[in-house]
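The structure appears right after this line, and notes come after that.
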Amino acid sequence: MTVKTRFAPSPTGYLHIGGARTALFSWLYARRHGGHFVLRIEDTDRERSTPEAINAILEGMAWLGLDYDEGPFYQTERFDRYAEVIDRLLEEGRAYRCYCSRERLESLREAQMARKEKPRYDGRCRHLTEPPADASGDPVIRFRTPLEGETVVNDRVKGRIVFANRELDDLIIARADGSPTYNFVVVVDDMDMGISHVIRGDDHVNNTARQVNILQALGVEPPVYAHVPMILDEDGKKLSKRTGAASVMDYRDQGYLPEAVLNYLARLGWSHGDQEIFTLDELIQLFDIDDINHSASSLNSSKLQWLNQHYMKTGDPAHVARHLAWHLGEMGVDPAGGPSLEALVSAQAERTKTLREMAQNSLFFFREPEGYDEKAARKNLKAGAAPVLAALREALSGLGQWQTEAIHETVSGVAEGQELKLGKVAQPLRVAVSGGPVSPPIDETLALLGREATLRRIEAAEAWIAENVVDQPQEG
RNA sequence: GCUCCCAUCGUCUAGCGGUAAGGACGCCGCCCUCUCAAGGCGGAAACCGGGGUUCAAAUCCCCGUGGGAGCGCCA
Numbered sequence: 019m020t021v022k023t024r025f026a027p028s029p030t031g032y033l034h035i036g037g038a039r040t041a042l043f044s045w046l047y048a049r050r051h052g053g054h055f056v057l058r059i060e061d062t063d064r065e066r067s068t069p070e071a072i073n074a075i076l077e078g079m080a081w082l083g084l085d086y087d088e089g090p091f092y093q094t095e096r097f098d099r100y101a102e103v104i105d106r107l108l109e110e111g112r113a114y115r116c117y118c119s120r121e122r123l124e125s126l127r128e129a130q131m132a133r134k135e136k137p138r139y140d141g142r143c144r145h146l147t148e149p150p151a152d153a154s155g156d157p158v159i160r161f162r163t164p165l166e167g168e169t170v171v172n173d174r175v176k177g178r179i180v181f182a183n184r185e186l187d188d189l190i191i192a193r194a195d196g197s198p199t200y201n202f203v204v205v206v207d208d209m210d211m212g213i214s215h216v217i218r219g220d221d222h223v224n225n226t227a228r229q230v231n232i233l234q235a236l237g238v239e240p241p242v243y244a245h246v247p248m249i250l251d252e253d254g255k256k257l258s259k260r261t262g263a264a265s266v267m268d269y270r271d272q273g274y275l276p277e278a279v280l281n282y283l284a285r286l287g288w289s290h291g292d293q294e295i296f297t298l299d300e301l302i303q304l305f306d307i308d309d310i311n312h313s314a315s316s317l318n319s320s321k322l323q324w325l326n327q328h329y330m331k332t333g334d335p336a337h338v339a340r341h342l343a344w345h346l347g348e349m350g351v352d353p354a355g356g357p358s359l360e361a362l363v364s365a366q367a368e369r370t371k372t373l374r375e376m377a378q379n380s381l382f383f384f385r386e387p388e389g390y391d392e393k394a395a396r397k398n399l400k401a402g403a404a405p406v407l408a409a410l411r412e413a414l415s416g417l418g419q420w421q422t423e424a425i426h427e428t429v430s431g432v433a434e435g436q437e438l439k440l441g442k443v444a445q446p447l448r449v450a451v452s453g454g455p456v457s458p459p460i461d462e463t464l465a466l467l468g469r470e471a472t473l474r475r476i477e478a479a480e481a482w483i484a485e486n487v488v489d490q491p492q493e494g
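Per the numbering used here, the first sequence starts with residue 19, numbered consecutively.
So this is what it looks like as structure tokens:
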């Protein structure tokens, strides 16, 4: 059997992190089996679907690198086809027109709820042969669900699930205006597009029995279903925009690499023994529906951060640098005016968790620090630091080659000359050039910053000390 | 309320009748160290409860309990 999977989001919002995972699973499964992956936009709800949301979904897919072999298909462009199938169902008596008013349906539901029954259509129009006398307005079309027997779904992740048909009611497949509804279009599309495996969130399990029944009425073999558990937020609650990043683009904005997000998502609800780090190729090779978990899982941002740092540390610096450049740009920095981004990535990757943090902590390489971190200055830019800085400035200005190793020797040389531990020299220097207490190793920092900026900032620090510290009572 | 699903460290998970219940993130401690990190080493930390089945249950069955989903002229 040729494998064909699909991702079928409704364009009513951004590409959700949960949706991204189902998309990833579907994509991986198709790639794993040399099949096709289809993107289908479920936009039958014209009220809620927006072009912005469609773009957001396409953008999210592109950022993650989940490419599709077919589509995007739009359901709104397939209305003729749906009408055709509905007519066929009507002719064959597998569907019927229902003239019940919304009001009647509403009170029916209320009465059932009051009786603690499961609300469902009572089948009043099921046996009508012609419109009732009191009919007003256009009818909806309902699917004639079998009254008896059971519908079995052999779910690839949940196992065998049995639904008694009497628990199902006659669902509406076309609205009064003739437009088809979700449970119906899904079935027609999956059938027409030759979808072999439906991988989707398990909030759809209860729909599956209805869909299987429609498929059977159409005389078609159902696809293989695999319902993956939900993703919960860090507190184990349902995901919402409120509780942090829900849209995949938020992850980009927060400084995550797409490969980190992909790896993280893959390991959320799926596993392969004790392995945590997977390349995309490994995922394609190893992914299997049978290894998907049965229970919902919570997001854990610290694990994502760990993965992200892993990819920043071990990835191709040029690749990471491209992403870093984007974030620098977001912060109004033109990377052209500073050190090599690749070198910067190498220097910062092991001390930052995200690209955003890396960019933030690297700002001083591109522009003068805006003043000194108060605490760091109080501790390191004391009166006693002035001669140290002066010595450093002198030694560094005479340095032949502005390279890490030579700089390192020079700085340690100054420390020895002043009979100070390296830290006593490096730290004031660090504050002087970076404005704060944290940076890559001082020699690397200076090498990246360049001689000119280094000397200028040392001088500025000396002036700052003269102006702000000289009159203060000296302490050690 | 009815139907369906789920249940191993805080979190992600391995386990598929016999294990000292393993790994990862995070956390704690030590080492390393010019800052912050990274890294190395070590540590604390889990089978929801009760019944069965079995020589033997985290693993199989049942019942509870607790979560979740669905019950639209939404998808």
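We treat Cβ as the ideally placed atom computed from N, Cα and C, and that holds for glycine.
Through-space distance from residue j to residue i, alpha-carbon basis
i       : j       : result
Thr-472 : His-290 : 50 Å
Ile-307 : Gly-355 : 49 Å
Asp-436 : Val-279 : With the sequence shown as reference, residue 436 is identified as Gln, and Asp is not the correct amino acid for it. Cα-Cα distance, rounded: 49 Å.
Glu-110 : Phe-97  : 20 Å
Leu-417 : Ser-358 : 21 Å
Gly-287 : Glu-70  : 30 Å
Gly-37  : Pro-247 : 11 Å
Gln-231 : Tyr-100 : A small correction: the amino acid at residue 231 is Asn; Gln does not occupy that position in the sequence shown. Near 17 Å, if we compare the C-alpha coordinates of Tyr-100 and Asn-231.
Val-175 : His-245 : 6 Å
Leu-33  : Ala-401 : 56 Å
Gln-492 : Tyr-390 : Reliability fails at Gln-492, whose pLDDT of 48 lies under 50, so the model's placement of it is uncertain and the value that follows must be treated cautiously. Going from the Cα of Gln-492 to the Cα of Tyr-390 covers about 20 Å.
Ala-367 : Thr-297 : 19 Å
Leu-57  : Ser-313 : 26 Å
Leu-283 : Arg-39  : 6 Å
Arg-120 : Ala-74  : 35 Å
Val-103 : Tyr-92  : 17 Å
Thr-30  : Ile-72  : 8 Å
Asn-326 : Arg-122 : 55 Å
Thr-332 : Asp-271 : 21 Å
Asn-225 : Tyr-269 : 31 Å
Asp-352 : Glu-360 : 15 Å
Short Cβ contact (8 Å threshold) for residue i with residue j
i       : j       : result
Leu-464 : Val-451 : yes
Leu-189 : Asn-201 : yes
Pro-276 : Leu-82  : yes
Ile-476 : Arg-411 : yes
Asn-318 : Glu-252 : yes
Gly-254 : Ser-316 : yes
Met-19  : Ser-258 : no
Val-449 : Pro-455 : yes
Ala-227 : Thr-169 : yes
His-51  : Glu-88  : no
Ile-217 : Ser-44  : yes
Arg-160 : Cys-116 : yes
Ile-59  : Ile-249 : no
Val-171 : Tyr-243 : yes
Outcome for residue i when other beta-carbon atoms lying within 10 angstroms are tallied against a minimum of 16
i       : result
Pro-405 : exposed
Gly-78  : buried
Gly-494 : Any reading at Gly-494 is ruled out, since the residue's pLDDT is 41, under 50, leaving its predicted position unreliable.
Pro-240 : buried
Arg-184 : exposed
Asp-461 : buried
Lys-371 : buried
Leu-165 : exposed
Ala-403 : buried
Glu-375 : buried
Met-330 : buried
Asn-398 : buried
Ser-415 : exposed
Pro-137 : exposed
Length at least 3, wholly inside the segment 376 to 419: the beta strand (DSSP E) runs in chain order: none
At least three beta-carbon pairs within less than 8 Å, the segment 436 to 451 to the segment 386 to 400: yes
Sequence ranges, beta strand (DSSP E) only - wholly within the segment 52 to 87, length at least 3: 54 to 59
Three or more C-beta pairs below 8 Å linking the segment 169 to 184 and the segment 138 to 158: no
In chain order, each beta strand (DSSP E) run of at least 3 residues that lies wholly inside the segment 107 to 140: 113 to 116
Length at least 4, wholly inside the segment 136 to 213: the alpha helix (DSSP H) runs in chain order: 200 to 210
Unbroken stretches of the alpha helix (DSSP H), 4 residues or longer, contained in the segment 274 to 333: 276 to 284, 298 to 304 and 319 to 332
Contact the segment 203 to 221 vs the segment 22 to 30: 3+ CB pairs below 8 Å: yes
Segment contact, 8 Å Cβ cut-off, at least three pairs: the segment 59 to 76 with the segment 119 to 137: no
Whole runs of the alpha helix (DSSP H) within the segment 464 to 493, excluding any shorter than 4 residues: 469 to 486
Segments of 3+ residues assigned as beta strand (DSSP E) that fall wholly inside the segment 230 to 258: 242 to 246
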